[in-house]
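Residue numbers (the numbering used here): -9 to 534. From the three backbone atoms N, C-alpha and C, an ideal C-beta is built for every residue, glycine too.
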Ligand code: G4P
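(1) Need the endpoints of the alpha helix (DSSP H) that residue 416 sits in, please.
(2) Going by the DSSP bridge assignment, what does residue 361 pair with across the sheet?
(3) Are residue 269 and residue 38 close, meaning C-beta to C-beta below 7 Å?
(4) Examine the ligand G4P and report whether any of its heavy atoms sits within less than 6 Å of the Cβ of residue 168.
(5) Within a Cβ cutoff of 8 Å, which residues of the same chain sit near residue 522, ignoring the five residues on either side of it in sequence?
(6) Expressed to the nearest angstrom, what Euclidean distance is found between the alpha-carbon atoms of residue 56 and residue 263?
(7) With a Cβ-Cβ cutoff of 7 Å, do residue 139 and residue 132 count as a contact?
(8) Can you tell me whether residue 410 is buried or exposed, with buried defined as 16 or more other CB within 10 angstroms of its CB?
(9) Could you name each continuous alpha helix (DSSP H) segment of 4 residues or more that falls completely within the segment 427 to 469, going from the start of the chain to the end?
(10) The beta strand (DSSP E) with residue 259 in it runs from where to where?
(11) Starting from the C-beta of residue 291, find all residues in its chain whose C-beta is less than 8 Å away, skip the five residues before and the five after it, and write them out in chain order.
(12) For residue 350, name the three-state secondary structure that DSSP assigns.
(13) Go ahead and label residue 23 buried or exposed: buried means 16 or more other beta carbons lie within 10 angstroms of its beta carbon, across all protein chains shown.
(14) Helix, strand or coil for residue 71, going by three-state DSSP, please let me know.
(15) Between which two residues does the alpha helix (DSSP H) harbouring residue 490 extend?
(16) Does any C-beta atom of chain C lie closer than 7 Å to the C-beta of residue 215?
(17) The alpha helix (DSSP H) that contains residue 278, what's its start and end?
(18) Could you check where the beta strand (DSSP E) with residue 300 kicks off and where it finishes?
(19) Could you spell out where the beta strand (DSSP E) holding residue 155 opens and where it closes?
(20) Suppose only complete runs of 4+ residues qualify. What are the alpha helix (DSSP H) ranges in the segment 75 to 109, listed by chain order?
(21) Give the secondary structure of residue 391 by DSSP, where H, G and I count as helix, E and B as strand, and everything else as coil.
(22) On the three-pair Cβ rule with 8 Å, is the segment 330 to 350 touching the segment 375 to 383?
(23) Whole angstroms is fine: what's the gap from residue 238's alpha carbon to residue 320's?
(24) Where does residue 403 fall in DSSP's three states?
(25) Starting from residue 238, follow the alpha helix (DSSP H) in both directions and report where the run begins and ends.
(26) Within this structure, are the beta carbons of residue 105 and residue 88 separated by less than 7 Å?
(27) State the Cα-Cα distance for the pair residue 9 and residue 484, rounded to the nearest angstrom.
(28) What are the boundary residues of the beta strand (DSSP E) that includes residue 372?
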């Protein structure tokens, strides 16, 4: 059975005032370390929104993953980067856009860029593991943007770490204050439910609702001692009362302004697999998260409602269709209403044009759109004119959104073409692929293009590069892995690179614009280099 995503259709609706359309949009990314339960949680959200037709199947999740991974396999076969899909669904009057961030080996710079298009992030953490590597990396990007971060601690139906330790781990590892919205009672076989701090009720756990909408959970006010004892046991009740007291006294108070500034993360506990705590989370989340945020441009902040249509490109994907060498540019609409019949201006190209084949990309479905609103993500056919970070606005206007930073690659290789006669195709191919943002290319500091160093965020991108150069440019290459894991941009331009002294394993390189960068094997070398060069400022993000 294939899962069906009902097409979230904007034009089927009778759209009145478009400020209302914008204000009911919520656009967020889901971040997690692989296997924490991101896919399962997303699917449960879709279930509530009625966007998935599960046909009563409890195996909904496995099926859904199958559908999505089918698409990914096809993409891999073609040797292109894996799509971060966008899912749109309706729930309680909200129009919700979820941006999926690919994990595992599919992790790439695009995963980071996707976060640039979101207004908030949901962080899924495995209750038995706490904060893991990939969460840490993605979290840093959220912090840089000061977007609200909501934490869902998942898999409470399995033995979990101590709840206070889990919160401590988030605070220490990620440097963000936590505010539990609900509190778990036991875990694993002893998981009894959660205590909702706002209503001061216990919501009892039942896994009988697995695969369907939550419905029969019982709510018991904590003041109903007898009833509570009957449901969760005397020992659990006493422990809960102690923990509530501790919590009320010691945890950061709920403060919406701090949440919206990204300084405080509300924490929820649940079990996505058994569908417990998911709808409560969704409801609280929708109350706390923001409408589409204003974005900074060179003329100041652009208000999503007040301003006419504008968007920026956050991702470019080549070869979506094998028959044609096409490219799709993904745009986040930042303000106003997009109307396919109207002309728009591509600011960086200086051209007035119509966006071609605007579509909504949902897993393996494409749907042509005629209109969309601030908060939405659209993909448009790109005849090779768009670059990441470009601005699109109305023809009468001229402004540019703040660029998207370049994120630090973590894997590096020296690349050479096998047939030296094909130098021209090689340089053209690798430069074009770098422009699309799939890879970053660098040169030795004091030489020309002879030596090219490729940097990628996820190792899959090396295969992508090899495959695409062979298939699209007819150039075979050889990749020689380099031991570096860290790259840093030099923030203070006055530094004389020839005089800069680092550790013996540090490497000086430059990007295509001639900006100097440093490669390091480990964190220790970074620290040593900073110590040895007074005033040196290094950054993990490059500016475009
Ligand atoms: P990801 O997208 O973050 O990588 O994680 P995903 O949802 O694919 O979940 C990873 C595994 O964890 C899956 O098991 C999934 O069923 C399980 N899981 C997710 N949420 C929960 C939960 O709340 N409780 C428990 N006990 N398990 C959970 P799998 O065996 O890898 O896949 P499958 O055979 O179940 O499809």
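According to the data block:
(1) 413 to 426 is the extent of the alpha helix (DSSP H) around residue 416.
(2) Answer by DSSP bridge pairing, in chain order: 329.
(3) Inclusion of residue 269 and residue 38 in the CB contact set at 7 Å is warranted, their separation being smaller than that value.
(4) Checking every heavy atom of the ligand G4P against the Cβ of residue 168, none is found closer than 6 Å.
(5) 491 and 492.
(6) Only weak support exists for where residue 56 lies, its pLDDT of 38 falling under 50; the value from the coordinates is given anyway. Rounded to the nearest angstrom, the gap between the Cα atoms of residue 56 and residue 263 is 16 Å.
(7) With respect to the 7 Å criterion, residue 139 and residue 132 are classified as neighbours on the basis of their beta carbons.
(8) By the 10 Å Cβ count, residue 410 comes out exposed.
(9) Runs of the alpha helix (DSSP H) spanning 4 or more residues and lying entirely within the segment 427 to 469 occur at 450 to 463, in chain order.
(10) 254 to 259 is the span of the beta strand (DSSP E), which, as asked, contains residue 259.
(11) Same-chain partners within the cutoff: 284 and 285.
(12) Per DSSP, reduced to three states, the secondary structure at residue 350 is strand.
(13) With 16 or more Cβ atoms within 10 Å of its Cβ, residue 23 is classed as buried.
(14) With a pLDDT of only 34 at residue 71, under 50, the local geometry of the prediction cannot be trusted, and the value read off the model is given with reservation. Three-state DSSP puts residue 71 in coil, outside helix and strand.
(15) No alpha helix (DSSP H) holds residue 490; DSSP gives it neither H nor E.
(16) As a matter of chain content, chain C is missing from the structure shown, which is built from one protein chain.
(17) Judged by DSSP secondary structure, residue 278 falls within the alpha helix (DSSP H) whose first and last residues are 268 to 278.
(18) Residue 300 -> beta strand (DSSP E) spans 300 to 308.
(19) Not the beta strand (DSSP E): residue 155 falls in the alpha helix (DSSP H), residues 153 to 164.
(20) Qualifying alpha helix (DSSP H) stretches, in chain order: 99 to 106.
(21) Residue state, collapsed to three classes: strand.
(22) With a cut-off of 8 Å, the segment 375 to 383 and the segment 330 to 350 count as touching, because enough Cβ pairs lie within range.
(23) Distance between the alpha carbons of residue 238 and residue 320 is about 45 Å.
(24) The answer is strand: DSSP assigns residue 403 an E or B state.
(25) Per DSSP, residue 238 belongs to the alpha helix (DSSP H) from 224 to 240.
(26) The answer is no: Cβ separation not under 7 Å.
(27) Using only the alpha carbons, I get a separation of about 48 Å.
(28) Residue 372 -> beta strand (DSSP E) spans 367 to 372.
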